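Line by line, the protein sequences give chains A and B.
Be aware that the first sequence starts at 0, since it is given in numbering that gives the first Met the number 0, and climbs by one per residue.
Be aware that the second sequence starts at 0, since it is given in numbering that gives the first Met the number 0, and climbs by one per residue.
Don't be surprised by glycine CBs; every beta carbon is placed ideally from N, CA and C.
Small disclaimer: the values here were computed from a predicted structure and weren't measured.
Beneath this line is the structure, given in structure tokens, with notes to follow.
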Amino acid sequence: MSQAMIRVQAVTKSYRRGGETLVVLDKLNLQMEEGRFYALMGPSGSGKTTLLNLIGGLDQPDAGELYVSGENLSDLSKGELANWRAANVGFVFQGFNLIPVLSAFENVELPLKLTPLSRKERREHAEHALKLVGLEDRMHHRPKQLSGGQEQRVAIARAVASDPKVILADEPTGDLDRKSAEQVLELLVRLNREFKKTILMVTHDPHAAAHAQSIVHLDKGQLGSIVDNQPMALGPK
Amino acid sequence: MASMKLVWRNLMRHPLRSVLTILSLTVAIFLICGLRTLITTLNAGVANADNRRLAVMSSTGLFVELPMKYQAQIDRLDAVEQTTKFQWFGGYYRSPKNFFAQFAIDPATLFSMYPECQVPPEQQQTFLKNRVSCIVGKGLAADYGWKVGDTVPIIGALHPHPENKAWEFYVAGVYRSDAPNFDNRTLFFHWDYYEKTLESGGVTPGVGVFSIRVKPGTDVPQVIADVENLFKDSEQLVSCETEAEFQRQFVTMFGNIPLFVGWIGGGVVLAILLACVNTMLMSMREQTTDIGILKSIGFSDRSMFGLLIAQSLFLCTLGGALGLLLARGTQPMVSNWFAATFPGYAITNGTYLFASAVTLGLGIAAGVMPAMQARRLRCVDALRGMD
Ligand SMILES: Nc1ncnc2c1ncn2[C@@H]1O[C@H](COP(=O)(O)OP(=O)(O)OP(=O)(O)O)[C@@H](O)[C@H]1O
Ligand SMILES: [Mg+2]
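So this is what it looks like as structure tokens:
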């Protein structure tokens, strides 16, 4: 039996806007196992991005605890959280993802700059990650010179460059055409299968969600069902 | 800090904007050097003034002449060790644009009263012996290519020669002075020659300034009062001042120049600061999403502060360094332009330091606001495109 890689305990998160308080997550409980690929679905405004940001340590809950990769995030200071993120999670966002003034290679190398790796090792790791996403020949291109799908694959390469256990992807295929989306999804599946990454992917697209092993439904700050997918659509294991 | 590469690439996002900012900094720092040098040059004369030397002139103004006979009366005062006199000649060499100071002086006392005026002994002897001779400052000699033995015609614009021709002076020597209160671009000639020549045309010369050296240990304010009292019932009232005070008055003859120059300098700094702050804030806005991404990757708040401060410092130090180089490179030229009216223009090390400090200060001041924004920016907000 796998360990819980992500444990969300009675997490509440609300935003104040004007005079009103909007409760986005209400005492949410959720557990995700190590090495599994989860899709997080739900209507717009249901709090998917909010939850993802909390799990990734980009934001703090109002109440409740988050255990991710063995760490209780509320124990960490802001600075420690930044270090923890660098070592433990990789993010892939929907739109803006890459630093426009840096090449694909330099973007992928960024998280490695926070590690004690030497220049040469950084170079090897970054090249390796780019090879993994099939873009070693685009290393020196700037994001503007890449297609949307390629950009997203560079973002994935960057997310895995420092070899984190968890990958958090917020609608990574939201802006992509079918073919590019498929490449990105296959890549995520591969990272999950070959490299045992725990993946949490927000998506609105049922077809995309079908690539995951489990689908988590979120609605109005409450957890709906967690459905395990049949491995049918995924091809041979 | 994230990386020097990121600093540089962000500046190169808008190369024209960066270049313009750098150039405006260059001009500003160049101006700061120039303005401060005006002040230090003016003050150098005051600071180096001999505190045993006093100047006596008409209380009406520097350009009103005093009777020659006053010198003997001053000499009779107990506290006075020695006196000498200066008369502004106000001529030019060949063309009015070749303007420099010329004075009719007492050769016998000039050198003992002004040891800062150094002339090789044999040249000094020639000068003392030859009444139509002159000595010229080494800067002046270099400007016009004059050598010992030349004869220099000077048109007496203020004091025309009675025979309606140029005054001719034989160059007996070239003096040099290392003291900022005694410049290297003046021509000194014999009072005697001046007096006799004017008298032959029926003109009685007057004296612009008597210079006094008091005996050591003298009560200077008392001597000043005595000298002024001496002539309180005469045709011309005099005012007597220490050399420092005299220099200072010379400095402030056209109003309080140092203060005025200080205000201009302050204005230049403020204007350039606002321009740099504006550039940096614009640049911060463009990088908002990037900063969100970098923070999500795990870069610390502090390193984002550094990223912005580094950009600001880079712009400012580059612009400032170019300004310093420009000031240094153009110094001989500027010094030449000012040679006649404003001798001794030289940028001091203090001014280079001051301008460097201003540069650094600008870099920090312009960067600190955007850098604080970068540090405070919450990456969830940045990634949602809010700020
Ligand atoms: N910083 C904020 N300030 C105020 N309200 C916010 C803030 N961030 C999110 N919200 C609100 O919280 C709710 C949940 O937002 P969230 O982005 O988590 O939803 P989501 O499920 O990701 O939606 P979508 O599918 O459209 O991306 C929304 O109503 C949103 O307007
Ligand atoms: Mg969302």
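Relative to the Cα of A/A211, the nearest Cα in the group A/D218, A/K219, A/I225 belongs to A/I225. Close to chain B, meaning a Cβ-Cβ distance shorter than 8 Å, are the following residues of the segment 58-81 of chain A: D58, K77, G78, A81. In the three-state DSSP reduction, A/E123 falls in the helix class (H, G or I).
Taking CB atoms only, A/L187 has no neighbour in chain B less than 9 Å away.
Distance between B/Q221 and B/F181, taken at the CA atoms: about 26 Å.
Per DSSP, B/T287 is one residue of the alpha helix (DSSP H) stretching across 287-296. If you ignore the 5 residues before and after B/D191, its C-beta comes within less than 6 Å of the C-beta of R130, all in its own chain and listed in chain order.
Between A/L167 and A/V91, the C-beta gap is smaller than 9 Å, which places the two residues in contact. By the C-beta criterion, the segment 261-281 of chain B is judged not to be in contact with the segment 46-66 of chain B, since fewer than 3 inter-stretch pairs fall below 8 Å. With a cutoff of 8 Å, A/K26 does not count as near ligand 1, since its C-beta is closer than that to no heavy atom of the ligand. For A/F104, no CB of chain B lies under 9 Å from its own CB, so it is not counted at the interface with that chain.
Taken residue by residue, none of the segment 169-181 of chain B has a beta-carbon sitting less than 9 Å from a beta-carbon on chain A. A residue is called buried once 16 or more other Cβ atoms fall within 10 Å of its Cβ, and A/D169 is buried on that count. At a cut-off of 9 Å between C-beta atoms, A/A208 does not count as an interface residue with respect to chain B. In the structure shown, the three-state DSSP call for A/P163 is coil.
A buried status is given to B/E242, since no fewer than 16 other beta-carbon atoms sit within 10 Å of its beta-carbon. Taking a cut-off of 5 Å from the heavy atoms of ligand 1, the residues with a C-beta inside it are A/Y14, A/R16, A/V23, A/S43, A/G44, A/S45, A/G46, A/K47, A/T48, A/T49. Shortest gap from the CB of A/E185 to any heavy atom of ligand 2: 8 Å or more. Between A/R15 and A/L21, the C-beta gap is smaller than 9 Å, which places the two residues in contact. Taking every protein chain shown into account, the CB of B/T203 has fewer than 16 other CB atoms within 10 angstroms, so this residue is exposed. Residue-level contact check: B/F304 does not touch chain A, since none of the beta carbons of chain A fall below 9 Å from its beta carbon. Spatial neighbours of A/G147 in its own chain (CB-CB distance under 7 Å, excluding positions within 5 residues in sequence) are listed in chain order as D174, L175, S179. Taking B/T40 as the centre and dropping the five residues before and after it, the same chain places the C-beta of G343, Y344 closer than 6 Å to its C-beta, in chain order. In terms of beta-carbon proximity, B/S299 lines the interface with chain A, with at least one pair separated by less than 9 Å. Within the chosen limit of 8 Å, ligand 2 reaches the beta carbon of A/V201 through at least one heavy atom. For B/V379, the chain A residues whose C-beta falls within less than 7 Å of its own C-beta are N52, L57, D58, listed in chain order. Judged by DSSP secondary structure, B/P152 falls within the beta strand (DSSP E) whose first and last residues are 150-153. Taking 9 Å as the cut-off, the Cβ atoms of B/G172 and B/P119 count as close. Neighbourhood of A/L101 in chain B, by CB distance below 8 Å: K4, L5, R8, in chain order.
In this model, B/L139 and B/N183 are separated by some 7 Å (Cα to Cα). Contact between B/V213 and B/V79 holds: their C-beta atoms lie close to 6 Å from each other, under 8 Å.
Check the Cα spacing between A/N82 and each of B/A364, B/K294, B/G349: the tightest is with B/K294. Taking one beta carbon from each stretch, the segment 329-336 of chain B and the segment 132-144 of chain A have fewer than 3 pairs nearer than 8 Å; the two do not touch. Look at the segment 167-236 of chain A and you find these whole runs of alpha helix (DSSP H), each 4 residues long or longer: 177-194, 205-208. Around the C-beta of B/S17, 16 or more other C-beta atoms lie within 10 Å, and the residue is accordingly described as buried. A residue is called buried when at least 16 other Cβ atoms come within 10 angstroms of its Cβ; B/K68 does not meet this threshold and is exposed.
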